[in-house]
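Notes for the one structure printed next.
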Amino acid sequence: MSVHVPVRLGPAESKLIEQLTAAGAVAEAERLTGSGLPTRRVEAYHYTDLKQLLRAVPELAGAAEAASAPALRVAGAHQLMIANGIVQESGTAPAGVIVGKTTGGVLSTRDDIVTRLNNALVGEALTLELDGSVDPVIQIDRRTEGGAGHSTSAAKIYVGDGSSAVILDTYSGSDEAHLGNHATYLALGKNAKVTHITVNLAGSKATHFASNEYHLAEGAQLRTLIINAGAALSRTQLFPKYEGAGAHADVTGLNLVSDGQHADITMDALHAVPHTSSKPLFKSIARGRSRAVVQGRLVVARDAQKTDAKLMSQGLMLSDEAEILAKPELEIYADDVVCGHGATSGQLDEDHMFYLLSRGIPKAEAETMLVRAFLAELIDPIEDQALNEALTDVVDGWLARG
Amino acid sequence: MTTPMLEIRNLHVRIEEREILRGVNLIVPKGEVHAIMGRNGSGKSTLSYVLAGKEDYEVTEGEVLLDGVNILEMEPSDRAVAGLFLAFQYPIEIPGVATMTFLKAALNAQRKARGESEISTPDFMKAVRDAGKALHIDADMLKRALNVGFSGGEKKRAEILQMALLKPKMCILDETDSGLDIDALKVVSDGVNALRGPDRSMLVITHYQRLLNHIVPDVVHVFSDGRVVESGGKDLALELEGKGYAGFDEEKAA
Ligand SMILES: Nc1ncnc2c1ncn2[C@@H]1O[C@H](COP(=O)(O)OP(=O)(O)OP(=O)(O)O)[C@@H](O)[C@H]1O
Ligand SMILES: [Mg+2]
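Below you can see the structure in the form of structure tokens.
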């Protein structure tokens, strides 16, 4: 028999419950009332204790105009926009692209507050059907504009069999204490080849939540690059599911945190069928008093023989007060698999640094060169030249703000 | 008397409480090539690192003047810009940094510090190609990450390539000959000799008289237990070759 101890609710939780109730999501409101926000005792939130970290939730955001240019411009990209959760009109879609809208949540139901909130509060979702070899980079420019607000956005993307596409999600907005909760559902058809880049450039007072659910059919090839560079508090969750033989993903991510920031990339992957593979590689660079978190969970189903999955987390600390925390978790139910994980964390190599300095390269430039070298593995595989340069600029910009 | 290119006065250096350099005195006049010979562990590389400005060393006494300017308080990059160059005994591999990017950054950093404009890409390519050719450096090698996967000899040649590009006024070569085959030794020596001139001085650290047949020094210094114990003409190297450091130490003790 268990004794029910009521959870003491803080102002953030009360506000969320109020918002869920107002949206008619009564069951979700009751659920949150019972559980409260996850604390470090919840494994998936061990290093990102939302009860501690999420102190306040702003009012639900109303519609807003996004007047400014996108936070990240990529030459030749086709732009779509979701502002404060509302899908905006866009220009003529390029060949092979069908743009639409749907209502309701796009994510699978799971025991996770961030995804549940998104499903419950999202009004409309952008839908994309991509077919053939889609040429321009498809950019979804997600904004949280106006005064501090809680907004929820979602996109549901299908990439047809044998098709290829590069999708870029960028998140930015006015410099207010927003709470943005963004969802992406991305299904790759058989032998589809997709690169999905997300760049969180939310303002310095904002909280940024993102959840990406990936479904990979037979032979599908996915590369992700998840960059957390903005927001005071950010958590990006990745849920790749390998559903067809030969499916492979290079799930890569990068936390760039400065003084006062907390960024978290959490992956929960499921290898569901035999002969799938993945190479999750996460890197974090932390400076000032900051914290970067990487959690990687690999679940290999009983039937998923011959799964080949290697999870790696690497951290670079540029200050003594920076913290980089990595937690791998392997849950393997099949017996004939090659799975592993590793984690390293340290500072810039002193010998490397001295060598560059000894040739006259000033310290700041040498540091930039070494940081770029650390990140080359993540940026180099991005083939689209303009996109590659834009991402390099994001990193260089972050370094320059040092 | 004109200002020497390098003047080391009573230099004492510690690493973690242990005194490695114990009163080094050395003068290299402009345009001269001096050799340092000394047994393993006597502190030759330590001296070269201290001159280049590596951290972890505590200078407890003494001065180092580069062309009359005390450099001990300067950052390593400022020393390089001031014209000091160390060809490392063990060049460092830096994965992820392209060799060409590195060379250009180094060259431009030095030009910028001297108030010159950035080198144009064609000029840069030509300079690297010419220097590479003289040192028999394969162009493909320069497409790789800095020193990564270079053989021992290739690394040494790459150091001299950097030296040729950066045109320093004070070159310190720490065992540049070790790891070089006979032909490479000749090529590298020719490369070094080509850089000799009235405005450039060199300090060549080596264990072998052989190198000094190619790069003929003006003065040879014998280094022992953290200091210069004897200096002489190029014949000193031959004498050393003959009786070894032990014989030399005994003579000193006598
Ligand atoms: N970082 C360090 N920490 C502790 N001891 C050190 C360190 N670096 C050098 N030493 C010691 O200082 C002494 C001098 O070393 P150094 O490398 O300068 O010798 P060397 O004359 O260059 O020798 P070799 O001819 O073998 O290259 C050695 O006893 C070495 O072990
Ligand atoms: Mg040595």
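Heads up: the sequence lines are chains X and Y, in that order.
Last residue of the first sequence: number 402 in the working numbering, and the count goes up by one each step with no gaps.
Last residue of the second sequence: number 1254 in the working numbering, and the count goes up by one each step with no gaps.
Note that the Cβ used here is the ideal one computed from N, Cα and C, for glycine as well.
No experiment lies behind these values; they were computed from the predicted model shown.
Assigned with DSSP and collapsed to three states, residue 239(X) falls in strand. Identification of residues in the region 1038-1069 of chain Y having a C-beta nearer than 9 Å to some C-beta of chain X yields 1049, 1052, 1053, 1054, 1055, 1056, given in sequence order. With 5 Å as the limit, the residues whose C-beta approaches any heavy atom of ligand 1 more closely are 1015(Y), 1020(Y), 1040(Y), 1041(Y), 1042(Y), 1043(Y), 1044(Y), 1045(Y), 1046(Y), in sequence along the chain.
Within chain X, the C-beta atoms nearer than 8 Å to that of residue 1162(Y) come from 359, in chain order. Straight across, the Cα-Cα distance linking residue 393(X) with residue 1153(Y) is about 37 Å.
Annotation: residue 1202(Y) to residue 1108(Y) spans about 23 Å, alpha carbon to alpha carbon.
Across the set 273(X), 224(X), 354(X), the C-alpha of 224(X) shows the shortest separation from the C-alpha of residue 251(X). Secondary-structure assignment with DSSP links residue 382(X) through no beta bridge to anything. Residue state for residue 1122(Y) is assigned as helix, using DSSP reduced to three classes.
Separation of the CB atoms of residue 33(X) and residue 49(X) is rounded to 19 Å, and the pair is thereby denied contact status at 8 Å. Around the CB of residue 235(X), 16 or more other CB atoms lie within 10 Å, so the residue is classed as buried. In this structure, residue 1159(Y) has its CB at a distance of at least 8 Å from all heavy atoms of ligand 2.
Taking C-beta atoms as the reference points, residue 302(X) and residue 257(X) fail to come closer than 9 Å. 199(X) is the residue among 45(X), 325(X), 199(X) whose C-alpha sits nearest the C-alpha of residue 167(X).
Per DSSP, the unbroken beta strand (DSSP E) holding residue 184(X) starts and ends at 179-188. The three-state reading of DSSP puts residue 221(X) in strand, counting E and B together. For residue 1182(Y), the uninterrupted alpha helix (DSSP H) segment begins and ends at 1182-1194. In the three-state reduction of the DSSP assignment, residue 393(X) falls in the helix class. Contact note: residue 369(X) reaches chain Y through 1097, 1105, using a C-beta cutoff of 7 Å and chain order. Interface criterion not met: the Cβ of residue 383(X) is under 9 Å from no Cβ in chain Y. Under the three-state reduction of DSSP, residue 209(X) is assigned to strand.
For the pair residue 249(X) and residue 242(X), the CB atoms are nearer than the 9 Å cut-off.
Distances from the CA of residue 267(X) to each of 180(X), 290(X), 313(X) were compared; the closest alpha carbon is that of 313(X).
Using a CB distance cut-off of 9 Å, residue 1102(Y) counts as an interface residue toward chain X.
With a cutoff of 9 Å on beta-carbon distance, residue 325(X) and residue 291(X) are scored as near each other.
Where residue 314(X) is concerned, the enclosing beta strand (DSSP E) starts and stops at 308-317.
When CB distances to chain X are screened at a threshold of 9 Å, not a single residue of the region 1187-1212 of chain Y falls below it.
For residue 1085(Y), at least one C-beta of chain X is nearer than 9 Å to its own C-beta. Rounded to the nearest whole angstrom, the CA to CA distance from residue 1052(Y) to residue 143(X) is 51 Å.
With a threshold of 9 Å between beta carbons, residue 117(X) makes no contact with chain Y. In this structure, the alpha-carbon of residue 1060(Y) lies about 6 Å from that of residue 1013(Y).
The continuous alpha helix (DSSP H) containing residue 118(X) extends over residues 113-121. Among the residues of the region 263-293 of chain X, none has a Cβ less than 9 Å away from any Cβ of chain Y. If you check the C-beta of residue 1092(Y) against ligand 2, you find no heavy atom less than 8 Å away. If you compare the alpha carbons of 1178(Y), 1193(Y), 1190(Y), 1197(Y) with that of residue 1205(Y), the shortest gap goes to 1178(Y). Counting every other CB atom within 10 Å of its CB across the protein chains shown gives residue 159(X) a total of 16 or more, marking it as buried.
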